[in-house]
Amino acid sequence: MNRLPVVAIIGRPNVGKSTLFNRILRQRIAVVDDQPGVTRDRLFGRADWAGKEFFLIDTGGFIPDSDDLINQLVREQAEIAIDEADLVLFMVDSRVGSTDLDDDIARRLQRSRKPVLVIANKADNETYQLEANQFFSLGLGEPIDIAAISGYNFGDMLDLIVGHLPEGEEFDESDKLKIAVVGRPNVGKSSFVNFLSGKQRQIVTDIPGTTRDSIDTEIEFEGEKFILIDTAGLRRKSRIKENLEFYTTLRTLKSVERCDVAVVLIEAQEGLLHQDIQVLEEVMSFRKGTLLVINKWDLIEEKETDTSKIFEESIRGKIPTLSYLPMVFISAITGQRGVNVLKLCKKIDERQKYRIQTSELNRFIEETVNRQHPAAVRGKHIKFFYATQSEICPPTFVFFCNYPKLLQRQYLRYIENRMRATWDFEGVPIRIKVKSRDKKN
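Numbering (this note's numbering), first residue to last: 1207 to 1647.
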């Protein structure tokens, strides 16, 4: 299994980076405007083309106070993007031609020896397509003429991008359980890792954001080895405003990608904040087994015996679609229930690797449908034929029926709830796919 490669779009402001970013991701994420510097936050997403996935970064633009500052900021972004990326898309403007800043970035790219594709944007007619040839002078190979707005030459460009992508650095394929410790800044992630490892491996302070990179720590518990991945704090994308913080977030997401189970820490005194929900959504997009850990529980005065129960009900009320996540209340400082996290992570990992026999699934779907039939749509009655489990991590199930496109989302939710009531998938996301035996339906 390989890590996803990183593709970074760099270039001076107003060359169309955000437009290209949006088109590759096939959704409008970046704000696009004719004024330079509209994109203040660094944006990222997961893209795919021809069966290959990769992280895509839009380094954005700036609204500077002077021409000198704009050059400084663009160069700074280019430096960080080049260091982080497996492939750089150097975007230039066919209508404007090569500028001094373009030349500066090109020289830095040549020194980096990173794979680079020169993307000559705004080549939406024959004249500008011919003008794109002037970028041969950058010394980075043949420029690719495109029009990000209209999509001209877009498929050919994507073919070249995925053709230049490395297979990626391989994950650790050992049997050690890899646990990513994730959460917004200053919830006690490093303190928690320090407690479990029994040594002061990380620098622990009260200043948010001390941990800039993901750090692996190998520990042994009850005769088994675990790898703890302590990550920098995740924030909402709208709050990622510094170059360093942006790339720290990217590294955190890459750590979640390579883990087996994600531990999401929240702070007991704060409760479940909107930021925490955003972090959970980011983690769940990777479909990893997940454990929700409420840290600093020692600071909550348990005046009543059911304090944790009330707290848990409050949290579940805010995230009803993630009600299957188990919770544990700990103190990273005192060690209260800290080792329970490792035990629960091990159970979650076992659950996400569990396979259900096809015969069991077929009995399940028969009983589930008899209990509640799917609603008929436009006079067509939906009939299930059989089911099978196609994957683990996460458990993925394929149900075959006669009219899969007519099956309502709420009925799929009903099937998932029945599955969770039948089998123990606590902490594990489930994927349900519906297909037709007849390709015509």
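Even for Gly, the Cβ is constructed at its ideal location relative to N, Cα and C. It should be emphasised that the depicted structure is a prediction, and the values quoted were computed from it without experimental measurement.
In the DSSP assignment, what are the bridge partners of residue i?
{"i": "Ser1642", "result": "Cys1607"}
{"i": "Glu1424", "result": "Ile1433"}
{"i": "Ala1312", "result": "Partner(s): none; Ala1312 has no beta bridge."}
{"i": "Glu1473", "result": "Asn1501"}
{"i": "Asp1351", "result": "Ala1326"}
{"i": "Leu1293", "result": "Val1213"}
{"i": "Val1547", "result": "Answer is none; Val1547 lacks a bridge partner."}
{"i": "Arg1197", "result": "The structure shown has nothing for residue 1197, since the chain only spans 1207 to 1647."}
{"i": "Asp1466", "result": "Asp1466 pairs with nothing; no bridge assigned."}
{"i": "Asp1299", "result": "Asn1327"}
{"i": "Gly1495", "result": "Val1467"}
{"i": "Thr1602", "result": "Glu1597, Arg1637"}
{"i": "Tyr1358", "result": "Ala1353"}
Near residue i, what residues of its chain come up, given a Cβ to Cβ distance below 6 Å and the 5 sequence neighbours on each side ignored?
{"i": "Arg1191", "result": "Nothing about residue 1191 can be read from this structure; the chain reaches only from 1207 to 1647."}
{"i": "Ser1403", "result": "Thr1423, Ile1425"}
{"i": "Ala1214", "result": "Ile1263, Ala1287, Ala1291, Val1294"}
{"i": "Asp1308", "result": "Val1298"}
{"i": "Phe1427", "result": "Leu1548"}
{"i": "Asn1528", "result": "In the sequence on display, residue 1528 carries Leu and not Asn. Correct list: empty, nothing qualifies."}
{"i": "Lys1524", "result": "Leu1478"}
{"i": "Val1583", "result": "Leu1612"}
{"i": "Val1322", "result": "Val1294, Phe1296, Leu1315, Leu1346"}
{"i": "Met1363", "result": "Ile1350, Ile1352"}
Considering just the uninterrupted stretch of the beta strand (DSSP E) at residue i, what are its terminal residues?
{"i": "Tyr1592", "result": "1590 to 1597"}
{"i": "Phe1517", "result": "Unbroken run through Phe1517 is the alpha helix (DSSP H), 1513 to 1524; no beta strand (DSSP E)."}
{"i": "Lys1258", "result": "1258 to 1264"}
{"i": "Val1534", "result": "1533 to 1535"}
Keeping to the same chain, check which residues put their C-beta closer than 7 Å to that of residue i; ignore five residues upstream and five downstream.
{"i": "Ile1435", "result": "Lys1384, Ile1385, Ala1386, Val1387, Ser1420, Asp1422, Ser1461, Cys1465"}
{"i": "Lys1552", "result": "Leu1383"}
{"i": "Gln1542", "result": "Trp1503, Asp1504, Ile1536"}
{"i": "Thr1574", "result": "Ile1621, Arg1624"}
{"i": "Lys1641", "result": "Val1604, Phe1606, Pro1610"}
{"i": "Ile1355", "result": "Thr1225"}
{"i": "Thr1628", "result": "Phe1570"}
{"i": "Val1393", "result": "Leu1471, Ile1472, Glu1473, Asn1501"}
{"i": "Arg1229", "result": "Ala1354, Gly1357, Phe1360"}
{"i": "Pro1372", "result": "Pro1211, Asp1292"}
Who are the Cβ neighbours of residue i in its own chain at under 8 Å, not counting the five residues just before and after it?
{"i": "Asn1359", "result": "Ala1329, Ile1350, Asp1351, Ile1352, Ala1353"}
{"i": "Leu1210", "result": "Arg1252, Glu1259, Phe1260, Phe1261, Gly1374, Lys1460, Glu1463"}
{"i": "Asp1365", "result": "Trp1255, Ala1256"}
{"i": "Asn1339", "result": "Pro1349"}
{"i": "Tyr1334", "result": "Ser1300, Arg1301, Lys1328, Asp1351"}
Along the alpha helix (DSSP H) that carries residue i, what are the first and last residues, could you check?
{"i": "Leu1344", "result": "Segment: none, Leu1344 is in no alpha helix (DSSP H) and carries neither H nor E."}
{"i": "Ala1627", "result": "1615 to 1628"}
{"i": "Val1583", "result": "Here Val1583 belongs to no alpha helix (DSSP H), and DSSP marks it neither H nor E."}
{"i": "Thr1333", "result": "1332 to 1337"}
{"i": "Lys1559", "result": "Neither: Lys1559 is in no alpha helix (DSSP H) and is coded neither H nor E."}
{"i": "Thr1225", "result": "1223 to 1231"}
{"i": "Val1634", "result": "Note, Val1634: premise wrong, no alpha helix (DSSP H); not H, not E."}
{"i": "Ile1506", "result": "Note, Ile1506: premise wrong, no alpha helix (DSSP H); not H, not E."}
{"i": "Val1489", "result": "1480 to 1490"}
Which residue's Cα is closest to the Cα of residue i: the options?
{"i": "Lys1395", "options": "Val1640, Ile1598, Phe1631, Gly1544", "result": "Gly1544"}
{"i": "Gly1585", "options": "Glu1573, Thr1574, Leu1366, Leu1613", "result": "Leu1613"}
{"i": "Glu1476", "options": "Ala1468, Leu1505, Gln1484", "result": "Leu1505"}
{"i": "Leu1231", "options": "Asp1254, Val1212, Pro1219, Gln1340", "result": "Asp1254"}
{"i": "Arg1626", "options": "Tyr1530, Gln1563, Tyr1609", "result": "Tyr1530"}
{"i": "Leu1497", "options": "Ala1326, Ile1215, Val1547", "result": "Val1547"}
{"i": "Ile1598", "options": "Ala1291, Glu1556, Glu1519", "result": "Glu1556"}
{"i": "Arg1615", "options": "Pro1211, Lys1639, Val1469, Ile1536", "result": "Lys1639"}
{"i": "Gly1361", "options": "Ile1571, Ala1256, Gly1495, Ile1562", "result": "Ala1256"}
{"i": "Met1533", "options": "Val1212, Leu1336, Val1499, Val1467", "result": "Val1499"}
{"i": "Ser1596", "options": "Arg1561, Glu1348, Phe1517, Thr1333", "result": "Arg1561"}
{"i": "Thr1602", "options": "Asn1576, Gln1563, Glu1348, Asp1310", "result": "Gln1563"}
{"i": "Arg1569", "options": "Asn1623, Lys1549, Tyr1592", "result": "Tyr1592"}
{"i": "Ala1581", "options": "Ala1312, Phe1227, Leu1618", "result": "Leu1618"}
{"i": "Val1324", "options": "Phe1341, Val1583, Asn1501, Gly1357", "result": "Phe1341"}
{"i": "Thr1437", "options": "Ile1355, Val1489, Arg1624, His1480", "result": "Val1489"}
{"i": "Val1648", "options": "Glu1285, Arg1637, Arg1301", "result": "Given that the chain is displayed from residue 1207 to residue 1647, the structure contains no residue 1648 and the question cannot be resolved."}
{"i": "Thr1540", "options": "Lys1559, Ile1554, Leu1567, Asn1501", "result": "Asn1501"}
{"i": "Arg1317", "options": "Asp1289, Leu1336, Gly1303, Gly1369", "result": "Asp1289"}
{"i": "Phe1398", "options": "Val1469, Asp1381, Phe1227, Arg1313", "result": "Val1469"}
{"i": "Glu1430", "options": "Asp1381, Glu1572, Lys1320, Gln1558", "result": "Asp1381"}
{"i": "Ser1491", "options": "Arg1637, Phe1432, Gln1578", "result": "Arg1637"}
Legend entry - Segments of 4+ residues assigned as alpha helix (DSSP H) that fall wholly inside the stretch 1363 to 1397: List check, alpha helix (DSSP H) in window: nothing returned.
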